[in-house]
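Going by the working numbering, the final residue of the sequence shown carries number 83, and the count climbs one at a time with no gaps. Here a beta-carbon is modelled for each residue, glycine too, at the ideal position from N, C-alpha and C. This one's a predicted model, so the numbers in the text were calculated from it and none came from an experiment. Heads up, the thing below is written out as structure tokens.
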Amino acid sequence: MRFLYKRPKMELIDKEINSLLEIMTSDAFIYLDLFVISLVFTLLLSPVLQSISVSILFFFVSFAAFFSLYFFVFNRLVKKN
3 MRFLYKRPKM
13 ELIDKEINSL
23 LEIMTSDAFI
33 YLDLFVISLV
43 FTLLLSPVLQ
53 SISVSILFFF
63 VSFAAFFSLY
73 FFVFNRLVKK
83 N
């Protein structure tokens with residue numbers, strides 16, 4: 003069955019990889035990823051948190067911490083180089 007599979011051209015693979023890299027490194031995708039990470043982090047720690055209001059506050063604080071870590075460390079180091 004291997005002879006039935008036609009290998010794609012290198013240019014096509016290169017274009018697909020470049021478009022995927024553009025999407026994965028876009029700011030909107032990174033902010034969405036930070037939102038999901040903060041939400042999962044809050045949900046995993048929800049048994050420890052006392053109330054809903056503390057959970058919401060913890061979500062915003064964790065999102066701000068992850069966002070500032072991304073902005074000050076990764077974004078500035080990449081833009082300098």
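Residue range 29-46 is occupied by the alpha helix (DSSP H) that includes S40.
In chain order, F68 place their CB closer than 7 Å to the CB of I39, counting only its own chain and leaving out the 5 sequence neighbours on each side. No residue range can be given for N77, since it is assigned to no alpha helix (DSSP H) and is classified by DSSP as neither H nor E. With a cutoff of 8 Å on beta-carbon distance, F74 and L36 are scored as not near each other.
For F65, the enclosing alpha helix (DSSP H) has its first and last residue at 54-71. Nearest to V42 by alpha-carbon distance, out of F31, T27, I58, is I58.
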